[in-house]
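Numbering (the UniProt record's numbering), first residue to last: 1 to 193. A short write-up of the structure that comes next.
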């Protein structure tokens, strides 16, 4: 997904992007709550979401997941891409499903803005969306122009709101991936109607 979003910049309409986000969320929700053993990914980012020729996503690169499986959720060595890393995981070394939720929030922002998340003291992508949300403003200027048509703005604002909830610094305020899926399904159904 990273290459399609940022390198090749293939045209991606809103329906395709919403489908990619929804199906990726389904995969993470399955890993967290429906797999025989709970699987935490630990490095959710566009480069680890592969897309087939029909833009169907497959979550890949479970290296970090395997590294932490030995002692369940805690690791002394925090590993992963800082641009997508949960600040709580960074501070505590405790990887939880809510860590993946945080990272997924960053992924949603990349999908709707087509801007790369970069790690810095004030990650411009994450910080910008959170600031708009706190101020109660619409993030219209942050959306990718390819999908920012007037008829899409309400849906994009709702998607941005879901992402911002995923990015909450209070882990207990973040939705589960199952909740994210339910909200994305509702959003997708409203799009179809």
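For each residue, glycine too, the CB sits at the ideal point set by N, CA and C. As the structure is a computational prediction, the values presented were derived from the model and not from experiment.
Specify, as a first and last residue, the run of the alpha helix (DSSP H) that residue 108 falls within. 97 to 113
Can you tell me whether residue 137 is helix, strand or coil according to DSSP? coil
Residue from 31, 112, 39 and 177 with nearest C-alpha to residue 155: 112
How about residue 107 and residue 167: are their beta carbons less than 8 Å apart? no
Using 10 angstroms around the beta-carbon of residue 8, count the other beta-carbons present and answer buried if the total reaches 16, otherwise exposed. exposed
The alpha helix (DSSP H) with residue 46 in it runs from where to where? No alpha helix (DSSP H) holds residue 46; DSSP gives it neither H nor E.
To which residues of the same chain is residue 60 closer than 6 Å at the C-beta, ignoring the five residues directly before and after it? 48 and 50
Exposed or buried, which one is residue 184 when buried takes at least 16 other CB atoms within 10 Å? buried
Which whole runs of the alpha helix (DSSP H) in the stretch 128 to 187 are 4 residues long or more, in chain order? 153 to 166
Residue span of the alpha helix (DSSP H) that contains residue 59, given as start and end: Element bounds for residue 59: not the alpha helix (DSSP H) but the beta strand (DSSP E), 57 to 59.
In chain order, what residues of the same chain have a beta carbon less than 7 Å from the beta carbon of residue 128, not counting five sequence neighbours either side? 142
With residue 157 and residue 138 assumed to form a contact (beta carbons below 8 Å), what rounded beta-carbon distance in angstroms separates them? 6 Å
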